[in-house]
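Numbering (full-length UniProt numbering), first residue to last: 1 to 295.
Heads up, the thing below is written out as structure tokens.
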């Protein structure tokens, strides 16, 4: 279902509380023809939905564009200066591996993708002007929560925890917008999925059907393959590790370790195996690429 209209205010709007003064006004960058077309389309679509509105705010962030895999462009608002002066919310986002501890005994799974997940939250009334972004076509501000805001993940986790509290770790896990419903039998799963989708509808949340998977025996979730046999490594990610190029500077081993550490639970004596690479963390280290480090 497409989330194509302004959602109502839920129980937890996104509040932007500043620690200091307003951030300075951002520059308006020169744009290519493709960027201009993307910007125009973005403004038209989101004004029509009611997600943004013209703004007369005394602040404003610049817009940037990121290349998509299909060659298109994704518009991003550069809120770094706003984020720097935003008071940080202490609402807990669970560790990424926490949801993976509750699947024992489950044999059937459904993965649900929320459409425009962060846009399902409203900006707290009175804070909209803080989200202003400046373009050559005018200034606009959000009425829904854009994903680039520093505390957007915490606000979204707060929302889903509030809505699905009684289902969490019983037959559903929700890590930000990554949702899994799990059951021990097909019959049980029909009931669980229906109840979960009904809860979505009752709270004006929308799923992107093309990205959902229903009633499967094996599924990738948070970088792992989940099935009745438990957790397995995703072979595509394993191949990335195996094909990692040899390090050429001090930062390269750190990048590799950050990626490889994701699967440390599957590797016996992991800390011992990487000891020759962790020595590079010391800023006074001398970078020496030897046979031991490569192994």
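Virtual Cβ for every residue (Gly too), placed ideally from N, Cα, C.
(Q) Tell me which residue opens and which closes the beta strand (DSSP E) that residue 219 is part of. (A) Residue 219 -> beta strand (DSSP E) spans 218-221.
Q: Please list the segments of the beta strand (DSSP E) lying wholly inside the segment 31-111, counting only runs of 3 or more residues, in order along the chain.
A: Runs of the beta strand (DSSP E) inside the segment 31-111: 52-54, 63-67 and 73-77.
Q | Among 231, 23, 241 and 252, the one whose alpha carbon lies nearest that of residue 105 | A | Of the listed residues, the one whose Cα sits closest to residue 105 is 231.
**Q.** As assigned by DSSP and simplified to three states, the class of residue 144
**A.** Residue state, collapsed to three classes: strand.
Q: Report all residues from its chain with a CB closer than 6 Å to the CB of residue 18; omit the five preceding and five following residues, and keep chain order.
A: Scanning its chain for C-beta atoms nearer than 6 Å, with the 5 sequence neighbours on each side dropped, one finds around residue 18 the residues 85, in chain order.
(Q) Any contact between the segment 106-123 and the segment 213-233? By contact I mean 3 or more CB pairs, one from each, below 8 Å. (A) Yes, the segment 106-123 touches the segment 213-233.
Q | Which of helix, strand or coil DSSP assigns to residue 205 | A | The answer is coil: DSSP assigns residue 205 none of H, G, I, E or B.
Q | Run of the beta strand (DSSP E) containing residue 183, from where it starts to where it stops | A | Note, residue 183: beta strand (DSSP E), 178-183.
Q. Out of curiosity, what's the CA-to-CA distance linking residue 11 and residue 172?
A. If you draw a straight line from the Cα of residue 11 to the Cα of residue 172, it comes to about 21 Å.
Q) Who are the near neighbours of residue 298 in its chain, counting only those whose CB is closer than 6 Å to its CB and skipping five residues on each side? A) Because the chain in this structure spans residues 1 to 295, residue 298 falls outside the shown range and cannot be described.
Q: Answer with buried or exposed for residue 165, where buried requires no fewer than 16 other C-beta atoms within 10 angstroms of its C-beta.
A: Residue 165 should be labelled exposed.
Q) In this structure, does DSSP put residue 258 in helix, strand or coil? A) Helix, per DSSP.
Q) Which two residues bound the contiguous alpha helix (DSSP H) that contains residue 231? A) Following the DSSP letters along the chain, one finds residue 231 in no alpha helix (DSSP H) but inside the beta strand (DSSP E) bounded by residues 230-233.
Q) Any contact of the segment 91-102 with the segment 151-165, i.e. 3+ C-beta pairs under 8 Å? A) Per the Cβ contact rule, the segment 91-102 is in contact with the segment 151-165 (3 or more Cβ pairs under 8 Å).
Q: Report the three-state DSSP secondary structure of residue 130 (helix, strand or coil).
A: In this structure, residue 130 counts as helix in the three-state DSSP scheme.
**Q.** Contacting residues, own chain, Cβ-Cβ under 7 Å from residue 193 (five flanking each side not counted)
**A.** Cβ within range, chain order: 110, 181 and 214.
Q. With 16 as the cutoff for other CB atoms within 10 Å, does residue 96 come out buried or exposed?
A. Using a 10 angstroms sphere on the CB of residue 96, the tally of other CB atoms stays under 16, which defines it as exposed.
Q. From this set, 198, 144 and 241, which residue's C-alpha is nearest residue 167's C-alpha?
A. Among 198, 144 and 241, the Cα nearest to that of residue 167 is on 198.
Q. On the three-state DSSP scale, how would you describe residue 122?
A. DSSP places residue 122 within a strand segment (E or B) once states are collapsed to three.
(Q) Can you look up residue 163 in the DSSP assignment and give me helix, strand or coil? (A) Secondary structure of residue 163 (DSSP, three-state): helix.
Q: List the residues that DSSP assigns as beta-bridge partners of residue 138.
A: Its beta-bridge partners are 135.
Q. Can you name the residues that DSSP bridges to residue 14?
A. According to DSSP, residue 14 bridges with 123.
**Q.** Cα-Cα separation between residue 211 and residue 79, rounded to whole angstroms
**A.** In a straight line, the C-alpha of residue 211 is about 28 Å away from that of residue 79.
Q | Reference residue 47; option with closest CA among 13, 208, 69 and 6 | A | Among 13, 208, 69 and 6, the Cα nearest to that of residue 47 is on 6.
Q) Near residue 2, what residues of its chain come up, given a Cβ to Cβ distance below 7 Å and the 5 sequence neighbours on each side ignored? A) Summary for residue 2: the model assigns pLDDT 49, below 50, so the residue's position carries little reliability; its value from the coordinates is reported in the next sentence. Take residue 2, set aside five residues on each side of it, and the residues of its chain with a beta-carbon closer than 7 Å to its own are 115 and 206, in chain order.
Q.
Given this structure, state the Cα-to-Cα distance separating residue 74 from residue 68, to the nearest angstrom.
A. Taking the CA atoms as reference points, residue 74 sits about 7 Å from residue 68.
Q: Can you grab the Cα-Cα spacing for the pair residue 130 / residue 143, in whole Å?
A: Taking the straight line joining both Cα atoms gives about 11 Å.
Q.
Within a Cβ cutoff of 8 Å, which residues of the same chain sit near residue 76, ignoring the five residues on either side of it in sequence?
A. Once the five neighbours on either side are set aside, the close Cβ partners of residue 76 are 63, 64, 65, 66 and 148.
Q: Determine the burial state of residue 258: buried for a count of at least 16 other Cβ atoms within 10 Å of its Cβ, exposed for fewer.
A: Within a 10 Å sphere around the beta-carbon of residue 258 sit fewer than 16 other beta-carbons, which makes this residue exposed.
Q: Tell me whether residue 137 is buried or exposed, calling it buried when 16 or more other Cβ atoms sit within 10 Å of its Cβ.
A: That one is exposed.
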